[in-house]
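Below is one structure; the comments refer to it alone.
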Amino acid sequence: MEWLKEAVDYGIIGLLVLMSIIAIGIAIERFLMYRNIRPADFTDKQSLELTLTGRLHIIATIGSNAPYIGLLGTVLGIMLTFYTMGREGFMDTNRIMVGLALALKATAIGLLVAIPSVVLYNVLLRKAKVIITTWEIADGRKRV
Numbered sequence: 471m472e473w474l475k476e477a478v479d480y481g482i483i484g485l486l487v488l489m490s491i492i493a494i495g496i497a498i499e500r501f502l503m504y505r506n507i508r509p510a511d512f513t514d515k516q517s518l519e520l521t522l523t524g525r526l527h528i529i530a531t532i533g534s535n536a537p538y539i540g541l542l543g544t545v546l547g548i549m550l551t552f553y554t555m556g557r558e559g560f561m562d563t564n565r566i567m568v569g570l571a572l573a574l575k576a577t578a579i580g581l582l583v584a585i586p587s588v589v590l591y592n593v594l595l596r597k598a599k600v601i602i603t604t605w606e607i608a609d610g611r612k613r614v
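In my numbering, the protein residues as written are 471 to 614.
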């Protein structure tokens with residue numbers, strides 16, 4: 471069962487760190503793209519909307535799934551603690567509490583990934599909607 475500890479420490483937490491890096495990278499790319507986009511260059515709303523919302527779904531997916539991946543790590547860590555307790559028989563309560571605390575770190579890291587990802591997704595989506603609305607207003611003036 472020692473492999474399970476390694477799977478939680480390196481597998482689950484490593485995956486959460488990777489997801490965080492991906493979400494931040496996409497958010498930075500989107501912010502830079504929004505800053506440099508010229509809505510007047512687009513002839514229709516759909517193409518502008520597709521350009522603005524590209525890859526936002528990845529940030530949303532990371533934000534919604536990170537807590538579950540963290541929870542999986544916690545469940546595996548608790549299973550490992552109970553397995554160790556059962557194998558060794560009597561255990562010191564300090565070792566049990568340390569094992570459970572370490573298991574909960576996966577949930578904490580999952581939340582630390584999810585919360586900023588959801589915030590970034592909402593900020594970027596709002597910015598995209600503002601750009602689209604600005605384009606619609608400008609397009610409406612051209613037609614009148």
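Glycine included, every Cβ here is placed at the ideal spot set by N, Cα and C. For clarity, every value in this text was computed on a predicted model and none was experimentally measured.
(Q) Using 8 Å as the cut-off, can you tell me whether the segment 557-567 makes contact with the segment 595-611, which would need three or more C-beta pairs spanning the two stretches below that distance? (A) no
Q) With 16 as the cutoff for other CB atoms within 10 Å, does Tyr-538 come out buried or exposed? A) exposed
Q) Between the segment 549-557 and the segment 498-513, are three or more C-beta pairs nearer than 8 Å? A) no
Q: Starting from the Cα of Ala-571, find the closest Cα among Leu-550, Tyr-591, Ile-585 and Leu-582 and give me that residue.
A: Leu-550
(Q) As an exercise, report each continuous alpha helix (DSSP H) stretch of at least 4 residues that is fully enclosed by the segment 474-511, in chain order. (A) 483-506
Q: Thinking Arg-580 and Leu-541 are a contact (beta carbons under 8 Å), I'd like their distance in whole angstroms, please.
A: According to the sequence as given, residue 580 is Gly; it is not Arg. Going by Cβ atoms, the distance from Gly-580 to Leu-541 rounds to 7 Å, so yes, they are a contact pair.
Q | Cut-off 7 Å between Cβ atoms - residues of its own chain near Ser-490, not counting five sequence neighbours on either side | A | Val-583
Q: Return helix, strand or coil for Met-555, following the three-state DSSP convention.
A: helix
Q.
Short of 6 Å in beta carbon distance, which residues of its chain neighbour Lys-597, apart from the five on each side in sequence? Order them along the chain.
A. Tyr-504
Q: Measure the C-alpha to C-alpha separation of Ile-548 and Gly-569 and round it to an integer number of angstroms.
A: 7 Å
Q. Would the beta-carbon of Ala-493 fall within 8 Å of that of Leu-594?
A. no
**Q.** Straight-line gap, Ile-529 to Leu-485 (C-alpha atoms, nearest Å)
**A.** 15 Å
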